[in-house]
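Each residue of the sequence shown is one higher than the one before, counting from 166 in this note's numbering.
All C-beta atoms, glycine included, are put in the ideal place defined by N, C-alpha and C.
To keep things clear, I will list the structure first and then write my remarks on it.
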Amino acid sequence: LIADRALALGRMTWREKAIATVMLLTLAGWIVGGEEYGLASVALGSVTLLFALGLVTWREVEGYVNWGLILMYGGAIALGAAINRSGAGGWLSQMTLAQWAIGPQSLAFLISFAAILFTEVMSNSAAVAILMPVSIAVATITPPSTPTRNHSGLTRILRAMSLRGSFHGLVSSQRSHKA
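What follows is the structure, given as structure tokens:
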């Protein structure tokens with residue numbers, strides 16, 4: 166089946182070989198310079214190279230880019246950064262979750278319940294952007310000075326919930342945009 170499809174496609178054109186070369190250079194750039202320069206910088210450099218060499222046109226690229234998705238993720242990232250930098254995440258956690266929770270389990274329940282409510286009225290990415298700084302702030306709050314209670318599990322629970330929430334937000338938003 167694959168061999169038949171490959172034969173139906175025919176030989177690679179010069180343009181396809183050039184694009185494949187730029188893709189391989191992009192992968193090499195991510196592997197070699199991704200930490201130093203950032204993955205996005207390498208990707209933007211590769212896209213710029215594709216345009217500079219005339220391998221792609223704006224019309225071709227525009228048809229494949231989901232601008233709504235890019236704007237949604239950009240807004241969610243900006244919202245999360247603003248909540249984190251302004252200290253609103255810490256304030257929200259002190260005023261709400263930290264005061265209502267009796268222990269790690271109730272805190273995990275409250276954050277989960279908030280995530281469920283938020284995802285009913287906004288995108289999963291925005292919900293994660295709002296809850297992530299709050300969850301991190303709650304996890305870093307100094308626990309009450311009671312020697313009999315062990316709060317070390319609280320940080321693990323919140324980190325796991327945050328990672329799960331961000332992964333779920335990414336996967337489910339990609340699924341919804343593929344349909």
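The alpha helix (DSSP H) enclosing residue i, as first and last residue numbers
i	result
Ala193	Trp179 to Tyr202
Arg170	Ile167 to Leu174
Where residue i falls: helix, strand or coil (DSSP)
i	result
Asn315	Legend: pLDDT at Asn315 = 48, less than 50; position of this residue unreliable, value from coordinates given subsequently. Asn315: coil per DSSP, three-state reduction.
Asn289	helix
Val212	helix
Val226	helix
Val221	coil
Ala344	A caution first: Ala344 carries a pLDDT of 46, below 50, which makes its placement in the model unreliable, though a value can still be read off. Three-state result, Ala344: coil.
Inter-residue CB distance, residue i and residue j (contact presumed, cutoff 8 Å)
i	j	result
Leu275	Leu262	5 Å
Val187	Leu214	6 Å
Pro236	Ala183	First, the amino acid is wrong: residue 236 is Leu here, not Pro. Not a contact, Cβ separation roughly 31 Å.
Pro298	Gly245	6 Å
Val207	Gly198	6 Å
Gly268	Ala302	Gly268 to Ala302, Cβ: 18 Å. No contact.
Ala291	Ala247	Contact flag wrong, Cβ pair sits at about 12 Å.
Leu257	Ala266	About 13 Å; that fails the 8 Å criterion.
Arg180	Leu220	6 Å
Trp195	Leu189	That pair is no contact at about 11 Å.
Uninterrupted alpha helix (DSSP H) stretches inside the region 248-287 (no shorter than 4 residues)
253-257 and 269-286
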